[in-house]
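Per this note's numbering, residue 0 is the first one in the sequence shown, and the count goes up by one each step.
Where a beta carbon is used, it is the ideal one built from N, C-alpha and C, also for glycine.
A short write-up of the structure that comes next.
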Amino acid sequence: MANRSNYKVTTRLVHGPQHSAKWDFSHHVTPPLSSSTTYRLDSAKRGARGFTEFGRLVRDVGEPPVYIYDRLDEPTRSILEGELADVEGGEACVTFASGMAAISGALGSVLVQGDEVIAHPTLYGCTHSLFENWYPKLGFGVKRVQLNDLQAVRAAITEKTRAIYFESPVNPTLELIDIGALRKLADEVNAKRKAERKVLIFIDNTFATPFGQRALSLGADVVLHSLTKNLGGFGTEVGGAVICPRWMLASLLLYRKDFGAILSSKSAWAILVYGLPTLALRLKRQQHTAKKVATWLEKQECVQRVVYPGLPSFPQKELAEKQLIDWDGDLAPGSMIFFELNSAKIDAEQFVDEIARSAYSVTLAVSLGHTKTLIELPSSMTHSSYGKPGGMAVRLSIGLESPTDIIEDLKSAMNTVTKTSTKNGARKNGATKTVKPPKPAKA
Ligand SMILES: Cc1ncc(COP(=O)(O)O)c(C=O)c1O
0 MANRSNYKVT TRLVHGPQHS AKWDFSHHVT PPLSSSTTYR LDSAKRGARG
50 FTEFGRLVRD VGEPPVYIYD RLDEPTRSIL EGELADVEGG EACVTFASGM
100 AAISGALGSV LVQGDEVIAH PTLYGCTHSL FENWYPKLGF GVKRVQLNDL
150 QAVRAAITEK TRAIYFESPV NPTLELIDIG ALRKLADEVN AKRKAERKVL
200 IFIDNTFATP FGQRALSLGA DVVLHSLTKN LGGFGTEVGG AVICPRWMLA
250 SLLLYRKDFG AILSSKSAWA ILVYGLPTLA LRLKRQQHTA KKVATWLEKQ
300 ECVQRVVYPG LPSFPQKELA EKQLIDWDGD LAPGSMIFFE LNSAKIDAEQ
350 FVDEIARSAY SVTLAVSLGH TKTLIELPSS MTHSSYGKPG GMAVRLSIGL
400 ESPTDIIEDL KSAMNTVTKT STKNGARKNG ATKTVKPPKP AKA
């Protein structure tokens with residue numbers, strides 16, 4: 000039989016594992032959707048073995064694991080975890096019920112009271128809230144430091160520092176964090192530390208996905224994902240994943256077992272069968288469209304600034320070319336666009352309200368990495384935990400629609416709500432345009 004490891008990752012994601020003791024792959028083309036809360040144990044000895052061995056098997060090693068109870072481990076979820084570890088180039092993967100469960104689980108399984116996390120100032124709103132609202136109560140310290148300022152990071156590191164945490168690209172600004180530079184710094188600090196006190200680099204790779212960035216090979220220790228986004232890809236499943244070194248696995252599995260936020264096997268199956276095999280295809284199409292939309296946005300008078308890693312104007316071009324590289328070696332600028340509107344020319348809330356009212360190809364909704372193009376206002380929605388509503392920033396997640404349709408819908412909403420000058424020089428909303436009734440059809 001052909002050796003799976005000789006095949007490209009895109010092919011491996013379509014075909015999945017070639018053999019598994021967990022499933023009869025010789026006869027089934029599609030992996031199983033297993034759905035059993037509990038497992039027959041044959042004997043007390045087998046039950047005891049299952050509990051003793053729990054957490055030890057990292058990958059499918061050809062020996063059937065002893066399944067005991069769904070919350071501990073089960074075949075569909077476990078096959079997905081093997082695939083995610085493979086595409087990220089990691090030793091192990093543990094999935095969770097959501098991206099936030101994965102983030103809190105990964106950090107929670109490592110941190111002890113008194114430990115400190117150094118985190119980038121801008122993060123997804125719920126991660127910001129986790130750090131600001133919950134960590135002080137749990138006895139974890141959090142310092143917010145601009146992570147591209149290495150001097151500031153070095154100055155912030157103390158004996159208590161256990162984790163450096165960030166997203167790259169950052170949600171929603173698309174700023175990139177230099178992973179290799181942080182690795183170098185962490186290595187210097189860690190040279191004098193015992194294994195259990197080493198500073199670990201955690202990256203949330205949700206925006207780039209493993210298609211666009213293999214953060215472990217760039218220097219991260221732990222990769223986090225919201226599977227709800229592009230890895231799931233169709234907007235139907237909520238999930239999260241931690242890709243980590245082997246030594247973290249046992250504690251992470253015990254954490255998940257006891258805190259209980261497991262990914263359902265049905266969601267794992269959908270991500271495995273629909274999400275992963277189509278990941279590269281969707282991303283390539285989304286990026287093609289995103290580049291066109293971002294280029295168009297940049298030319299609009301009511302748009303102050305557009306950030307998209309595929310634009311010549313992207314401020315961290317060199318870093319993008321180092322970090323955001325797809326499986327074919329090409330730049331992978333991603334499916335997210337961040338832009339700021341000019342408040343003198345347009346009102347951000349009126350603009351997205353008009354999208355909600357009149358657009359077909361663009362939907363006012365949070366989340367991202369969907370087949371549908373989604374638009375939202377971070378300051379009053381996904382990042383409202385920062386307490387600064389009413390900003391002019393817009394986050395656009397490009398889907399699979401035709402680029403011209405997306406542009407037409409954005410254009411039409413902009414034209415409808417752009418502020419126009421009145422005779423006395425004051426500005427008012429241009430929603431005054433008279434809309435001509437459609438011509439009656441000729442008989
Ligand atoms: C970058 C990032 N990380 C994590 C999450 C949390 O994921 P979930 O909604 O699956 O908990 C999100 C959600 O939007 C996100 O954008």
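- A distance below 9 Å separates the beta carbons of Val109 and Ala162.
- Just so you know, the alpha carbons of Asn414 and Gln303 end up roughly 16 Å apart.
- In the DSSP assignment, Val116 falls within the unbroken beta strand (DSSP E) covering 115 to 118.
- Relative to ligand 1, the nearest heavy atom lies less than 8 Å away from the CB of Phe206.
- Each residue's CA atom was taken as its position, placing Val169 and Ala47 some 45 Å apart.
- By the neighbour-count criterion, in which 16 or more other beta carbons inside 10 Å mark a residue as buried, Val28 falls on the exposed side.
- Secondary structure in the region 274 to 340: the beta strand (DSSP E) runs of 3 residues or longer, each lying completely within the stretch, are 302 to 306, 335 to 340 in chain order.
- The Cβ-Cβ distance between Glu320 and Leu330 falls below 9 Å.
- Counting the other CB atoms within 10 Å of its CB gives Val111 a total below 16, which places it among the exposed residues.
- Beta-bridge analysis with DSSP links Cys243 to Ala91.
- Around the beta-carbon of Thr288, 16 or more other beta-carbon atoms lie within 10 Å, marking it buried.
- Following the DSSP letters along the chain, one finds Lys142 inside the beta strand (DSSP E) bounded by residues 140 to 143.
- The shortest C-alpha to C-alpha distance from Met247 to any of Leu376, Ala43, Leu199, Lys371 is the one to Leu199.
- For Asp203, the uninterrupted beta strand (DSSP E) segment begins and ends at 199 to 203.
- Taking C-beta atoms under 8 Å as the contact rule, Ser383 and Gly124 qualify, at a distance of about 6 Å.
- In the displayed model, Lys418 falls within a strand according to three-state DSSP.
- Look at Phe350 here: in three-state DSSP terms it is helix.
- When the Cα atoms are used, Arg192 and Ile156 turn out to be separated by approximately 13 Å.
- Annotation for Ala100 indicates a beta carbon within 8 Å of some heavy atom of ligand 1.
- Per the coordinates, the alpha-carbon of Leu175 lies some 5 Å from the alpha-carbon of Ser167.
- The beta carbon of Glu236 sits closer than 7 Å to the beta carbons of Leu226, Thr227, Ser266, Ala269, Ile270 from its chain, once the five residues preceding and following it are set aside; these are given in chain order.
- In this structure, the alpha-carbon of Ser35 lies about 46 Å from that of Ala180.
- Phe258 carries a helical assignment under DSSP once its states are collapsed to helix, strand and coil.
- Counting along the chain, Phe53 sits inside no beta strand (DSSP E), nor does DSSP assign it H or E at all.
- Relative to ligand 1, the beta carbon of Lys228 is positioned inside 8 Å of a heavy atom.
- Per DSSP, the continuous alpha helix (DSSP H) segment holding Phe210 begins and ends at 208 to 211.
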